[in-house]
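Below: one structure, written as structure tokens.
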Amino acid sequence: MLTTALLTLTLTAGSDLRMTLSTVADATACEAARESVTSVLTDAGIEIVAARCGVTDLRLTPFEHGAGPEAEIHRYRVDLSDPQGFAVTPLGVDGRCIADAPPVYCARSSQSVITD
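In case it helps, our numbering puts the sequence shown at residues 14 to 129.
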């Protein structure tokens, strides 16, 4: 089932790419969340690579604020080729990812795939 979600890619202090995917009610709610999240991240001095709304059938566990780098064991390939959305492919813990230069990224996350 497709849901609307906010995808955020940020750089960590170690220059790794972090991904978060947050489900929202609809496109309007997503845009409001995007504006709020980017403002908070910018004020905190966190470099934002991308913050984009789109639809996806991928379901991830909720984002937990304060999760450290040691919790970011899940790997994803993120494709931003579509200017109106995104495609996220789970790679698994040991999955290899080859970034095809922007707009395709390899990112890590503390969020895991929900399979049921």
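The beta-carbon is built from N, C-alpha and C at its ideal position, and this holds for glycine as well.
Self-check item: Three-way DSSP call (helix, strand, coil) for A45 in this model
Solution: helix
Quiz item: So, helix, strand or coil for D56, using DSSP?
Solution: helix
Quiz item: Beta carbon of L34, beta carbon of L93: below 8 Å?
Solution: no
Exercise. Would you check if the distance between the CB atom of T69 and the CB atom of A18 is smaller than 8 Å?
Key: yes
Quiz item: Cα separation between A64 and I127?
Solution: 22 Å
Quiz prompt | Residues bridged to R90 (per DSSP) | solution = T102, C119
Self-check item: One or two residues paired with S125 in a DSSP bridge
Solution: None, per the DSSP bridge assignment.
Practice problem: Rounded to whole angstroms, what's the CA-CA distance from G67 to Q97? Just pull it up for me. | Solution: 7 Å
Exercise. To the nearest angstrom, report how far apart G27 and A40 are at their CA atoms.
Key: 32 Å
Quiz item: Buried or exposed: H87, going by 16 or more other Cβ atoms within 10 Å of its Cβ?
Solution: buried
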